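Here the sequence shown is numbered in full-length UniProt numbering, starting from 1 and rising by one per residue.
The beta-carbon is built from N, C-alpha and C at its ideal position, and this holds for glycine as well.
Remember, it's a predicted structure, so these values are computed and weren't measured experimentally.
Notes follow once the structure below has been shown.
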Amino acid sequence: MEEGKKDQIEVLYDKTIKNQDHLFKLIIIGDSGVGKSCLLSRIMDNTFKEEHNVTIGVEFGCFIVKVNKSVIKLQIWDTAGQESFQSITRIFYRGANCVFLTYDIQREESFLNIKKWLKEAKVQSDPDTLFYLIGNQADCEDTRAVTKQRAEEYKVKMKLDGFYETSAKNGQNVESAFIDSARKLYKMTTGEDDSDMMPSLSGTSTDTQHGPSKAKPEKKEFTRLKVAKHASGSDISGKKKKRCC
1 MEEGKKDQIE VLYDKTIKNQ DHLFKLIIIG DSGVGKSCLL SRIMDNTFKE
51 EHNVTIGVEF GCFIVKVNKS VIKLQIWDTA GQESFQSITR IFYRGANCVF
101 LTYDIQREES FLNIKKWLKE AKVQSDPDTL FYLIGNQADC EDTRAVTKQR
151 AEEYKVKMKL DGFYETSAKN GQNVESAFID SARKLYKMTT GEDDSDMMPS
201 LSGTSTDTQH GPSKAKPEKK EFTRLKVAKH ASGSDISGKK KKRCC
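Here you go:
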């Protein structure tokens, strides 16, 4: 692609699409209650619930976007954040192409625990996995406990692949984060230069802004996802009622 030319990005809202050019696995991890399931609901159905069922095990969803002429499907795994379920959810790191490390900007402890989540994810996942830092509940500015600058510095320090502050409640940056991860995975797979290329969006979006561009990533060899038969959009276990998780 010519230098400076924008990628053509189109979100495909028809979830029944079965044929795609690239299929990637993205898992969302973080403490219980940071809004992981709410992010999944927002990106899947453009909905938000003040109260949400606590995830037990894992729930599935998908996000489909066209990058230039290629259809990219993200298979999204929403994992349980409770300590008692972590031994179960560790198996879901296998084959992950991207990990969203999620915290609540109102809860400093959830941000401090990102170190633990990242360490575990690094051990359990493949070396070429992308890692994004996601600061959720960005609409709660008045009760913020973790500054954006602090999170950005952590992203640089840990050499993470992206950082977004999102709001599952109003949709801020949710779509942008998933689009950016899909685009980077596509670039890694095809070997295209990702420097100085900003996406050009078509279609409607719930986002209020898009994240900054990132320097050219290291070229990585990449293994594509083999989809498990049960990964069809349902969870593997029961649920308990709690606030957005």
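Per DSSP, reduced to three states, the secondary structure at residue 79 is strand. DSSP, read as helix, strand or coil, puts residue 73 in strand. Residue range 148-157 is occupied by the alpha helix (DSSP H) that includes residue 152. Comparing alpha-carbon positions, the option among 190, 126, 108 and 21 lying closest to residue 93 turns out to be 126.
DSSP places residue 134 within a strand segment (E or B) once states are collapsed to three. For residue 185, the enclosing alpha helix (DSSP H) begins and ends at 174-190.
Exposed is the label assigned to residue 191, since fewer than 16 other Cβ atoms lie within 10 Å of its Cβ. Residue 13 carries a coil assignment under DSSP once its states are collapsed to helix, strand and coil.
Here the region 18-31 makes contact with the region 94-110; the two share three or more CB pairs at distances below 8 Å. Put simply, the backbone Cα of residue 46 is about 9 Å away from that of residue 39. Of all C-beta pairs linking the region 18-25 to the region 133-144, fewer than three are shorter than 8 Å, placing the two stretches out of contact. When only Cα atoms are considered, residue 160 and residue 152 end up about 10 Å apart.
Taking the CA atoms as reference points, residue 114 sits about 15 Å from residue 147. DSSP, reduced to helix, strand and coil, places residue 123 within a helical segment of the structure shown. Put simply, the backbone Cα of residue 182 is about 25 Å away from that of residue 116.
Taken through DSSP and simplified to helix, strand or coil, residue 38 comes out as helix. Cβ-Cβ distances below 6 Å link residue 100 to 28, 132 and 134 in the same chain, with the five nearest sequence neighbours on each side left out; the list follows chain order. DSSP places residue 111 inside the alpha helix (DSSP H), whose first and last residues are 108-112.
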